[in-house]
């Protein structure tokens, strides 16, 4: 498997996991909220899903279109979103979220760099 195809698969898997968490949070906020579920918590879970699902779709679909510059751009955006999740997770002392988001950000940023220079 060529390196760019392997990167597409790896990034798609990470994006699908992130999108899966977004869907889970929207449908059952108590699963991820670690606290009481208020209408505000539900609203923010749906808002999280509203940004995560389109990003997931873009990361999965763009490699099939052969648009390398578009893929690099969406990986940079996805990496930035994950980096923000690292900061949020750390502030909440949610080390699972922090670690998962850090690994995902590194994969997205590293892949964007590799695709941009090769």
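Residue numbers (UniProt numbering): 1 to 118. Note that CB positions come from ideal geometry on N, CA and C, so glycine has one too.
Q | residue 65, buried or exposed, once every other Cβ within 10 Å from all chains shown has been counted against 16 | A | The residue you call residue 65 lines up with position 65 of the chain shown. Residue 65 should be labelled exposed.
**Q.** Chain-order list of residues whose beta-carbon lies under 6 Å from that of residue 31 (same chain, five-residue window excluded)
**A.** Counted from its first residue, the chain shown places residue 31 at position 31. For residue 31, where only same-chain residues beyond five positions count, the Cβ hits under 6 Å are 24.
Q. In three-state DSSP terms, what is residue 4?
A. On the chain shown, residue 4 is found 4 positions in, with the first residue counted as 1. Note: residue 4 maps to helix in three-state DSSP.
(Q) Can you tell me whether residue 35 is helix, strand or coil according to DSSP? (A) As a first step, residue 35 is located in the chain shown; it is residue number 35 there, counting from the start. Coil at residue 35, not helix or strand.
**Q.** Beta-carbon spacing of residue 78, residue 104 below 9 Å
**A.** The sequence position of residue 78 within the chain shown is 78, counting from 1. The sequence position of residue 104 within the chain shown is 104, counting from 1. A contact, by the Cβ cut-off of 9 Å.
Q.
Between the region 8-20 and the region 95-111, can you find at least three pairs of beta-carbon atoms closer than 8 Å?
A. yes
Q: Report all residues from its chain with a CB closer than 8 Å to the CB of residue 95; omit the five preceding and five following residues, and keep chain order.
A: Your numbering for residue 95 matches position 95 in the chain shown. Closer than 8 Å at the Cβ level, and outside the excluded window around residue 95, lie 89.
Q) Expressed to the nearest angstrom, what Euclidean distance is found between the alpha-carbon atoms of residue 84 and residue 50? A) Here residue 84 is taken as the residue at index 84 of the chain shown, counted from 1. Here residue 50 is taken as the residue at index 50 of the chain shown, counted from 1. Using only the alpha carbons, I get a separation of about 16 Å.
Q. So which of 27, 36, 74 and 93 has the shortest CA-CA distance to residue 59?
A. By one-based count along the chain shown, residue 59 stands at place 59. Checking every option, the nearest Cα to that of residue 59 belongs to 74.
**Q.** Segment limits, alpha helix (DSSP H) that includes residue 82
**A.** To locate residue 82, count along the chain shown from 1; it is residue 82. First-last of the alpha helix (DSSP H) with residue 82: 68-91.
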